[in-house]
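Step one of this worksheet: look at the structure below.
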Amino acid sequence: MRSISVVTTFNQKGLEDYAQNMINTFVKTWPSNVTLYLYAEDCTPVIPKDANNVKLLDLHAESTSLVNFKNKWKNIPKANGDVTKDPIRSKRRDAGKGFKWDAVRFSHKVYSIFECAKICNTDILMWMDADMICHSQIHEKTLQHLLPEGFDLWYVGRERKWPECGLYAINLKTANGLKFLQEFERVWDDAENGIFQMDEWHDSFVFEEVRKKMPIKSHNWGEGIVRGEGHPLINSVWGGFLDHLKGGRKTLGKSRKTDLLKPRAEQYWRNI
0 MRSISVVTTF NQKGLEDYAQ NMINTFVKTW PSNVTLYLYA EDCTPVIPKD
50 ANNVKLLDLH AESTSLVNFK NKWKNIPKAN GDVTKDPIRS KRRDAGKGFK
100 WDAVRFSHKV YSIFECAKIC NTDILMWMDA DMICHSQIHE KTLQHLLPEG
150 FDLWYVGRER KWPECGLYAI NLKTANGLKF LQEFERVWDD AENGIFQMDE
200 WHDSFVFEEV RKKMPIKSHN WGEGIVRGEG HPLINSVWGG FLDHLKGGRK
250 TLGKSRKTDL LKPRAEQYWR NI
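The numbers in numbering that gives the first Met the number 0 rise by one with no breaks, and the one at position 181 of the sequence shown is 180.
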C-alpha cells in the first residue's frame, strides 16, 4: 500500500473564509494514515482534537526560498500581475486578467509543495487547494484506486487550456516524478530564465509547461470529461468526494448546481 501525504497553504483571510472548513472536513473524511501538511502564512488554524494526522508549519519560517522570491519580486509590477509595460503581454486581449501573471501570489502555493516534498517521506505527495470541501468519506482502497499505479503524475487536465491545479499528485518514488518536481522548482527559483520566459506565470500554466516538455507518465483525471472552460474538478471522479469553491463560490459556501456537467448521485450534490 503506497503512502500518501497532502499539502496545502493559506493566509489569515483564507483561513477565515474557507481553510478552517477544509481542515475540519478533511479530518472527518480522509483516512487517518494520510497526513495533511498545513503551511500557514502568518496565521494559526484550529487543529481538530485527536487529529494526529495534521501537521502545522509556518510557511515563511520553513521556506527561505519563498521569502527570497517574494523579497526579490514583491515590488516588481510584472511579477504581481501588472503587465501594462510588458512589450508583448500588454498587447494581449487578456492583459487585464492580472492573475495570469501574479507570480508572487502563486509562489506561496508552489513553494509549499517544494518544502513538503523534502520532509513528508511518503510515496505520493498531493496538492489540495485550501478552498476545498471534503464532503464524503474516502476510504484507503478508493484513494489508492484514484491514484493508479505506474504513473509519475496525476492531475485534472483540460482540452485547449491549462490544467486545474487545485488538486494534483506527484510520485516521489519514481525518477521522472522527482525530475518533474526538480524542474518545477527550478523555473520558479530562476524566474528570469524560467517562468518569465513563459506566456503566463500562474502555477497551473507553469505546471503544464513543465509537464508537457518532460518524458513523464501522467494520469489525467479529467480526460474525456472537461473541455476548456468550466469547473473541472467537481466533474471529474473527485467530485464524488470534494467540492472546489473557486472564485465567488467561496461566498456561496458551495458550488452551483449549474457547475455540474451532469447530475451527481452523491448526497452532497443532491442537497444543492
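Backbone N, C-alpha and C define an ideal beta-carbon position, used for all residues, glycine too. For clarity, every value in this text was computed on a predicted model and none was experimentally measured.
Partner residues in the beta bridge of His243, as assigned by DSSP, are Met131. DSSP lists Ala39 as the bridge partner or partners of Phe9. Ala168 sits in a strand when the DSSP states are folded into three classes. Taking the CA atoms as reference points, Thr24 sits about 26 Å from Leu171. Leaving aside the five residues that flank Lys216 on each side, the residues in its chain whose CB is nearer than 6 Å to its CB run, in chain order, Phe150, Asp151. Judged by DSSP in its simplified three-state form, Trp126 adopts strand. With a threshold of 16 other beta carbon atoms within 10 Å, Ala60 falls short and is exposed.
When DSSP states are grouped into helix, strand and coil, Ser254 belongs to the coil group. Leu55 has Leu37 as its beta-bridge partners, per DSSP. Cβ contact annotation for Glu163 (same chain, cutoff 6 Å, sequence separation greater than five): Val155, Pro231, Leu232, in chain order. Closest in C-alpha terms to Gly176, from the list Thr257, Thr121, Ser62, comes Thr121. For Ser111, the enclosing alpha helix (DSSP H) stretches over residues 102 to 118.
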